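Chemist: Line by line, the protein sequences are chains C and V.
Read in order, the letters of the first sequence correspond to residues 1 to 240 in UniProt numbering.
Read in order, the letters of the second sequence correspond to residues 1 to 240 in UniProt numbering.
The beta carbon of each residue, even a glycine, is placed where N, CA and C say it ideally should be.
On a predicted model such as this, the values are computed, not experimentally measured, just so you know.
There are 2 protein chains.
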Amino acid sequence: MTETAENYDATKYERPSVTVDVVIFGLRSGRLHVLMVQRKHWPYAEHWAIPGGFVNMDESLEMAARRELEEETGVHDVYMEQLYTFGDPGRDPRTRVISVAYFALIRTEEQALQVSDESNDVCWFPVDELPKDLAFDHEKILRFAIDRLRSKLEYTTLAFQLLPKEFSLPKLKRIYEEILGEQLDKANFYRKLRDSDLLEDTGKLLNSRGRPARLYRFRDSRIEGDFVFRYREAKKKDEQ
Amino acid sequence: MTETAENYDATKYERPSVTVDVVIFGLRSGRLHVLMVQRKHWPYAEHWAIPGGFVNMDESLEMAARRELEEETGVHDVYMEQLYTFGDPGRDPRTRVISVAYFALIRTEEQALQVSDESNDVCWFPVDELPKDLAFDHEKILRFAIDRLRSKLEYTTLAFQLLPKEFSLPKLKRIYEEILGEQLDKANFYRKLRDSDLLEDTGKLLNSRGRPARLYRFRDSRIEGDFVFRYREAKKKDEQ
DNA sequence: GGAATAGTGTCTGTTAGACACTATCTA
DNA sequence: TAGATAGTGTCTAACAGACACTATTCC
Chain C
1 MTETAENYDA TKYERPSVTV DVVIFGLRSG RLHVLMVQRK HWPYAEHWAI
51 PGGFVNMDES LEMAARRELE EETGVHDVYM EQLYTFGDPG RDPRTRVISV
101 AYFALIRTEE QALQVSDESN DVCWFPVDEL PKDLAFDHEK ILRFAIDRLR
151 SKLEYTTLAF QLLPKEFSLP KLKRIYEEIL GEQLDKANFY RKLRDSDLLE
201 DTGKLLNSRG RPARLYRFRD SRIEGDFVFR YREAKKKDEQ
Chain V
1 MTETAENYDA TKYERPSVTV DVVIFGLRSG RLHVLMVQRK HWPYAEHWAI
51 PGGFVNMDES LEMAARRELE EETGVHDVYM EQLYTFGDPG RDPRTRVISV
101 AYFALIRTEE QALQVSDESN DVCWFPVDEL PKDLAFDHEK ILRFAIDRLR
151 SKLEYTTLAF QLLPKEFSLP KLKRIYEEIL GEQLDKANFY RKLRDSDLLE
201 DTGKLLNSRG RPARLYRFRD SRIEGDFVFR YREAKKKDEQ
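1) I want to verify the contact list: residues of chain V whose CB lies under 8 angstroms from the CB of residue 59/C, in sequence order.
2) Return the CA-CA distance between residue 172/V and residue 41/C, expressed in angstroms with no decimal places.
3) Please report the distance separating the alpha-carbon of residue 60/C from that of residue 16/V.
4) Suppose the cutoff is 6 angstroms on Cβ atoms and the five residues either side in sequence are ignored; what does the same chain contact list for residue 241/V look like?
5) Going residue by residue through the segment 51 to 95 of chain C, where are the continuous alpha helix (DSSP H) segments of at least 4 residues, counting only ones entirely within it?
6) Which term fits residue 94/C, buried or exposed, when burial requires 16 or more other beta carbons within 10 angstroms of its beta carbon?
7) How should residue 99/V be labelled, buried or exposed, when 16 other C-beta atoms within 10 angstroms of its C-beta is the threshold for buried?
8) Helix, strand or coil for residue 183/C? Go by DSSP, reduced to three states.
9) Quick check on residue 205/V: buried or exposed, where buried means 16 or more other Cβ atoms within 10 Å of its Cβ?
10) Kindly indicate if chain V contains any beta-carbon less than 8 angstroms away from that of residue 143/C.
11) Using a Cβ-Cβ cut-off of less than 9 angstroms, list which residues of the segment 196 to 208 of chain C approach chain V; keep chain order.
12) Against chain V, does residue 66/C count as a neighbour if the rule is that its beta carbon must be under 8 angstroms from one of theirs?
13) Nearest-angstrom Cα distance between residue 199/C and residue 164/C?
14) Quick one: measure Cβ to Cβ for residue 201/C and residue 214/C, integer angstroms, because I've assumed they're closer than 8 angstroms.
15) Can you grab the Cα-Cα spacing for the pair residue 89/V / residue 55/C, in whole Å?
16) Residue 177/C to residue 92/V, Cα distance in whole Å?
17) Taking all protein chains shown into account, do 16 or more other C-beta atoms lie within 10 angstroms of the C-beta of residue 21/V, making it buried, or fewer, making it exposed?
18) Name, going along the chain, the residues of the segment 170 to 198 of chain V whose beta-carbon falls closer than 9 angstroms to a beta-carbon of chain C.
19) With a threshold of 8 angstroms between beta-carbons, can residue 24/V be considered close to chain C, or not?
20) Measuring alpha carbon to alpha carbon, tell me which residue in 29/C, 46/C and 162/C is nearest residue 132/C.
21) Can you tell which of 23/V, 32/V, 19/V and 13/V has the C-alpha that lies nearest to the C-alpha of residue 160/V?
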């Protein structure tokens, strides 16, 4: 009676298509941007969209997402995590398409963009100046991704993935402020970082208009993944 | 060259199957349980599995998950959220199957189970006494769900979804302890709840062996969703 | 009264948040 | 020296965590 995995005949049912879409975040001139591609063909020709594509039968979802990312930007070995799966019927006018969305954080200054055959253009947009009329439900996906990035920033070291290997505290602080949309207290922010033991002094200084800033790097053990760091409300818990 | 949504011919590629699997949590005698079904047919005949099934072409993912939940337990209108999408090739020996996993929290005392045609049996298992050799990658999905439930418990009111409408503070505390696997201080826990203004005194008392406990209910506005409540580290932030 | 459970009062160390201060560079 | 930016010292209110206490029931 009920259709379940138990009595399924692989050829019996119509199947949806499955894509991965990747929201790619990067900093440009200290502002948070996302990478978008402009579509060439129906549906939503000329509209901007999040890069993505179909999942091959022999690759995992994450492999598919990394492949798309590399095709679009040439980057690999970056931080990436699964965001959410969007599957409302009708979100794609062609056929039922279920999209597994990922988001990636990249160090933009190290990257050059490449326009693929399938798009007119590739472009970075500041997250608060997105183009109008995005393709499909990509506006929703993007909002979802930005919300997630903000909330993860509050208790992880994710933001570090956006920075160059060596950076100053003022720069890190500006990034937190940019993403959170909120001013932070310098003294408290620095103290928090010092106490967290996440950073390592490189000894180098970076000249600017005023006093030069010390350059730091992340301690090796904590560079990857999302080691707990709360920019407020330090947490002691040892578990997890 | 690249395959993207832009030049896709809906009939051109082989498509994966898409299922939803639902991890159903409930309390039984104060312990956290998950609902599992015992499979009848190949593959993994006789093995225990998370209830799930194929997504119909005209229903959303969440609708599919709710349908599966209702078929398996008869419940509806419960808390449910998308967990993660598992899609490694080879996770199902029949064909490529991508599974969108959900988790649901139900008030078990209100429910009677019904065994579907496709399973030998349906059963609640305590989360720390799961059967061996679960079907597919369901062990992984289950661990994922338990971790997520634990971590969400620390900053949301999710646990309340497991409780009856009216309950005592000692009972709520025991549930937190059961799920977190950690003893909490009574005075601090009660104080936290009082200050949070989440609860409403029903005026009723519940008799037990010692002094009777006051019964509370959640304030209407906060019953649904996951209003912020940290069982430790109260947070003031007004945003979100 | 004693056992069992429910519920409260209060001290202490930690720390987030505020803000005034000092330091080091360039022009 | 002034302007600009980097970085520090320190006070205070809030609160998590600890723990001893009181309250109300049943036997």
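Modeler: A quick look at the data gives this:
1) In the first sequence, the residue the question calls residue 59/C occupies position 59. The contacting residues are 89.
2) For the purposes of this step, residue 172/V is taken as the residue at position 172 of the second sequence. For the purposes of this step, residue 41/C is taken as the residue at position 41 of the first sequence. The straight-line gap from Cα to Cα measures roughly 56 angstroms.
3) Taking the first residue of the first sequence as 1, we reach residue 60/C at position 60. Taking the first residue of the second sequence as 1, we reach residue 16/V at position 16. Those two C-alpha atoms are separated by around 12 angstroms.
4) Outside the shown range of chain V (1 to 240) lies residue 241/V, about which nothing can therefore be said.
5) 61 to 73
6) The residue you call residue 94/C lines up with position 94 of the first sequence. So residue 94/C counts as exposed.
7) As a working note, residue 99/V is residue 99 in the second sequence. It counts as buried.
8) Locating residue 183/C in the first sequence gives position 183, counting from the first residue. Three-state DSSP puts residue 183/C in coil, outside helix and strand.
9) Walking along the second sequence from the start, residue 205/V turns up at place 205. Exposed, by the Cβ-count rule.
10) For the purposes of this step, residue 143/C is taken as residue 143 along the first sequence, with counting starting at 1. Not an interface residue.
11) none
12) The residue labelled residue 66/C in the question sits at position 66 within the first sequence. No - not a single Cβ of chain V is within 8 angstroms of the one on residue 66/C.
13) By 1-based counting over the first sequence, the position of residue 199/C is 199. By 1-based counting over the first sequence, the position of residue 164/C is 164. Each residue's Cα considered, the two are about 14 angstroms apart.
14) For the purposes of this step, residue 201/C is identified with residue 201 of the first sequence, where counting begins at 1. For the purposes of this step, residue 214/C is identified with residue 214 of the first sequence, where counting begins at 1. Sure, about 6 angstroms apart at Cβ, within 8 angstroms.
15) Start at 1 with the first residue of the second sequence, and residue 89/V comes out as number 89. Start at 1 with the first residue of the first sequence, and residue 55/C comes out as number 55. Cα-Cα distance, rounded: 11 angstroms.
16) Sequence index remark: in the first sequence, residue 177/C carries index 177 (1-based). Sequence index remark: in the second sequence, residue 92/V carries index 92 (1-based). Spanning the two alpha carbons is a distance of roughly 45 angstroms.
17) Position 21 of the second sequence, counted from the first residue, corresponds to residue 21/V. Classification for residue 21/V: buried.
18) 182
19) In the second sequence, residue 24/V corresponds to position 24, counting from 1. Answer no: the Cβ-Cβ gap between residue 24/V and chain C never drops below 8 angstroms.
20) Residue mapping note: residue 132/C aligns to position 132 of the first sequence, counting from 1. Residue 132/C has its Cα closest to that of 46/C, out of 29/C, 46/C and 162/C.
21) Your numbering for residue 160/V matches position 160 in the second sequence. Minimum Cα distance to residue 160/V is reached at 32/V.
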